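Please read the structure below before turning to the comments.
Protein chains: 2
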Amino acid sequence: MIRTALTDLLGVEHPIVGFNRSPAVVTEVSRAGGFGVLAAVSYTAEELDAQLTWIEEQLDGRPYGVDLLVPEKTADAGADREDLVAALRAQLPAEHLAFVDDLLDRYGIPRLPVDPGRDAIAAGMSRRGAEAQLDAVFAHRPALVANALGTAPPHLVERAHDAGMAVAALVGTRRHAERQLAAGVDVLVAQGTEAGGHTGTIATTVLTPEIVGVAGDRPVLAAGGIASGDQMAAALALGAAGVWCGSVWLSSVEDVAPESVKRKFLAAGSGDTVRSPARTGKPARQLRSAYHDAWSAPGAPAPLPMPLQPLLTLQAWSSIDAAADAGNPGATELQSFFVGQVVGAFTELRGAGEITREMARGCERRIAALAGLVR
Amino acid sequence: MIRTALTDLLGVEHPIVGFNRSPAVVTEVSRAGGFGVLAAVSYTAEELDAQLTWIEEQLDGRPYGVDLLVPEKTADAGADREDLVAALRAQLPAEHLAFVDDLLDRYGIPRLPVDPGRDAIAAGMSRRGAEAQLDAVFAHRPALVANALGTAPPHLVERAHDAGMAVAALVGTRRHAERQLAAGVDVLVAQGTEAGGHTGTIATTVLTPEIVGVAGDRPVLAAGGIASGDQMAAALALGAAGVWCGSVWLSSVEDVAPESVKRKFLAAGSGDTVRSPARTGKPARQLRSAYHDAWSAPGAPAPLPMPLQPLLTLQAWSSIDAAADAGNPGATELQSFFVGQVVGAFTELRGAGEITREMARGCERRIAALAGLVR
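So the protein sequences, as listed, match chains A and B.
Note that UniProt numbering has the first sequence beginning at 1, numbered continuously upward.
Note that UniProt numbering has the second sequence beginning at 1, numbered continuously upward.
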């Protein structure tokens, strides 16, 4: 067992946080002695409520967390909540709608019927939209609430602390960290550029000690480039109190990603990702596909700000995923998902609990090996 | 003391390689128990010969190495060696010459007289030009010869092995590593994207274990993001047999960089670098300055291939450095040099020997601390 400020804070066995949108990954990580964190951004407020209920039933008191995306700056409509999707939809330029339509045509993607839930998820990536998710979270008992983008709003920190929950925040620069600390955040997640999802330009090797240097006694987790016990030991060597892993669970059997995208992940190399705003409107690392090449080709429109870009593209992604699962070759070329550079190390699908336990064991083995180098 | 396959191979005390263009950094690192490696690319063949003679006099048998840049693909002229500079100069487009001239004018940089030695250095960054450097190297007794870019030519590996020297190569992808191993290289340096100089896109946390996985029994060094004992311990945790450090010596008193650029380094943050082809013609990480912004502005010409871009700009860099040292504010805005993201951690200038010893001690302290986490 590895004891750090994080295992003390959360009351877990291993300083391994498993961030994923799949409820069964969250429960398997927590059951294996890690700390599962559900990505709320993939759900409407109603779905989130149901998922958290299920997770708590499974975990029977074991701790888990929730990760929200409450962005600081978004293209929010000045409308009330009932009109939010319509007001946002009215902001989508005709050029962008035509570009996405043409892209699907060129790759021969049959369209699924429009799913209002996908629009609601996109709208949730706005400051206003995220408020409904907050209410769903505080109707439950996560041990930790994280904010994935920007400084957590003061009422989030206050509500969480009042409810006895720790607050974490993902940071990509020292300045981010200083603002989060001033906002009262309890745990900083130093997310290196090699990470999947919304990420900055500074690598984990450099960012982690820099954030540790400003965090004082608050635990810092390293994120980005960590999918093995060796990488976990490296993160601890950099001064982290634990690791925040996202990508590795995409190689778990419990992950809800389409089988077709999991196959692409297993085949991908570490150089096959791209940091692009073409999916969410903010730079996020993803598996590079024909989709990103199209958005960066000459003449392509500039991606829209969050949440308009997700609103523009989420329905298209549903169609692409369904077509790829059905073997459509154009869809397979376009298909992508958020993933970090560690995707190059994926060789097989494993259980999320097994991944957790093997990472912890591997970390202990590596620490013992390091000690053996010293004469 | 930390014993690894690298300390065994090179007969050194610490698995720390110090790569730098300053002969006194090389000797101080080797004297402190590390392994100094001279960057030959900064010198003409004649200068290199003189530097290696000086280094060997200082070191009195202690081992050191040389790093060459023998590129695989360059815009070599079809001329013989005496005409190489002239033949290369004839390939510089008028648009590019005018762009550099205008840039210096806009920032008010007085021109130094043209230095033929700078042109010779630029020409040395060609396959033909590098041959003269090879001859200078093999007139001496380095314990290791490294090639910084692309696969080492077979005659380099052969001559080195015949002379009892180990051959190292810097790699940024698994495919690079496989080609280097096939070419008979003895030591692989996995260079992460956070490194200064010519670097790829994959971060050290991901690249190092990937290269270790294909290297078999040949030692792998981690490069990129390593300037402290903690970062060195992280590299060893990733499976490296040691570290190849470049940037950290730019914060040493012995480094020959202009005082003005050292001041910029001390003031810089970890987010202040850029990976750009605007200096050498190949993507290389540097301190970001007005120079890079000018080259990526709309209407700027595309950088030329190596060695034409260095030939185009090396005289300009001499003028910029001299003007910056004299306090010219425009020159200070333009000034830059190769450096990795660790530049954000530089707070003072120290002796290169002290840096080496402190890194080794810090690594041992961190390993002991890691062992203390295991219950």
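Here a beta-carbon is modelled for each residue, glycine too, at the ideal position from N, C-alpha and C.
Keep in mind that this is a model prediction, so the values were computed, not measured.
Counted within 10 angstroms of its Cβ, other Cβ atoms place residue i as buried (16 or more) or exposed
i	result
T44 (chain B)	buried
V343 (chain B)	buried
residue 389 (chain A)	Absent from the structure is residue 389 (chain A), since the part of chain A shown begins at 1 and ends at 375.
P307 (chain A)	buried
D331 (chain B)	Here the sequence assigns Ala to residue 331 (chain B), which means Asp is not the residue at that position. Answer is buried; the Cβ neighbour count reaches 16.
G299 (chain B)	exposed
P277 (chain A)	buried
H155 (chain A)	exposed
M165 (chain B)	buried
G372 (chain A)	exposed
Proximity of residue i and residue j at Cβ, strictly below 7 angstroms
i	j	result
residue 389 (chain A)	S260 (chain A)	Since the first and last residues shown for chain A are 1 and 375, residue 389 (chain A) lies out of range.
residue 419 (chain B)	G197 (chain B)	As shown, chain B starts at 1 and ends at 375. That puts residue 419 (chain B) outside it, with no answer to give.
residue 376 (chain B)	A136 (chain B)	Because chain B here runs from 1 to 375, residue 376 (chain B) falls outside it and cannot be looked at.
C245 (chain A)	G18 (chain A)	yes
T204 (chain A)	A233 (chain A)	no
I355 (chain A)	V248 (chain A)	yes
I320 (chain A)	I121 (chain A)	no
A152 (chain B)	A177 (chain B)	no
R366 (chain A)	D230 (chain A)	yes
G192 (chain A)	L181 (chain A)	no
Supposed close pair residue i, residue j - CB separation, criterion 8 angstroms
i	j	result
I202 (chain B)	S270 (chain A)	5 angstroms
G340 (chain A)	E210 (chain A)	Their Cβ separation, rounded to whole angstroms, is 19 angstroms, which puts G340 (chain A) and E210 (chain A) out of contact at 8 angstroms.
V187 (chain B)	R218 (chain B)	6 angstroms
R62 (chain A)	R375 (chain B)	Not quite, the Cβ-Cβ distance comes to about 20 angstroms (not below 8 angstroms), so this is no contact.
A284 (chain A)	H14 (chain A)	Not quite, the Cβ-Cβ distance comes to about 27 angstroms (not below 8 angstroms), so this is no contact.
G353 (chain B)	E28 (chain B)	4 angstroms
A90 (chain A)	D67 (chain A)	Their Cβ separation, rounded to whole angstroms, is 30 angstroms, which puts A90 (chain A) and D67 (chain A) out of contact at 8 angstroms.
C-beta neighbour in chain B for residue i, strict 7 angstroms
i	result
Q191 (chain A)	no
D135 (chain A)	no
T205 (chain A)	yes
V70 (chain A)	no
S270 (chain A)	yes
A371 (chain A)	yes
T332 (chain A)	no
residue 407 (chain A)	The structure shown does not extend to residue 407 (chain A), since chain A is modelled only from 1 to 375, so the question has no answer here.
G11 (chain A)	no
L236 (chain A)	yes
G33 (chain A)	no
Span separating the alpha-carbon of residue i from that of residue j
i	j	result
residue 447 (chain B)	G117 (chain B)	With chain B represented from 1 up to 375, any question about residue 447 (chain B) goes unanswered, as that position is not in the structure.
F99 (chain A)	P310 (chain A)	14 angstroms
G65 (chain B)	A190 (chain B)	17 angstroms
P303 (chain B)	L238 (chain B)	36 angstroms
L170 (chain B)	M125 (chain B)	16 angstroms
G225 (chain B)	A139 (chain A)	43 angstroms
E254 (chain A)	R263 (chain A)	14 angstroms
L370 (chain A)	E364 (chain B)	9 angstroms
K282 (chain B)	Y291 (chain B)	16 angstroms
A87 (chain B)	R128 (chain B)	12 angstroms
R175 (chain A)	N147 (chain B)	38 angstroms
L10 (chain A)	L236 (chain B)	29 angstroms
L69 (chain B)	T199 (chain B)	13 angstroms
P240 (chain B)	W317 (chain A)	For clarity, residue 240 (chain B) is Ala in the given sequence; the question names Pro instead. Straight-line Cα distance between these residues: approximately 40 angstroms.
S30 (chain B)	F35 (chain A)	45 angstroms
F346 (chain A)	V157 (chain B)	34 angstroms
V212 (chain B)	L314 (chain B)	36 angstroms
A268 (chain B)	A168 (chain A)	28 angstroms
E56 (chain A)	L266 (chain A)	31 angstroms
L6 (chain A)	P305 (chain A)	35 angstroms
A294 (chain B)	D101 (chain B)	12 angstroms
P329 (chain B)	P258 (chain B)	15 angstroms
F337 (chain A)	L52 (chain A)	23 angstroms
E333 (chain B)	D272 (chain B)	13 angstroms
S251 (chain A)	L349 (chain A)	5 angstroms
L92 (chain B)	G362 (chain B)	48 angstroms
Residue i at chain A interface by Cβ criterion, 7 angstroms
i	result
Q341 (chain B)	yes
D230 (chain B)	yes
M1 (chain B)	yes
T53 (chain B)	no
T173 (chain B)	yes
I355 (chain B)	no
V374 (chain B)	yes
Any C-beta of chain C under 7 angstroms from that of residue i
i	result
G242 (chain B)	The chain labelled as chain C is not found among the protein chains of the depicted structure, namely A and B.
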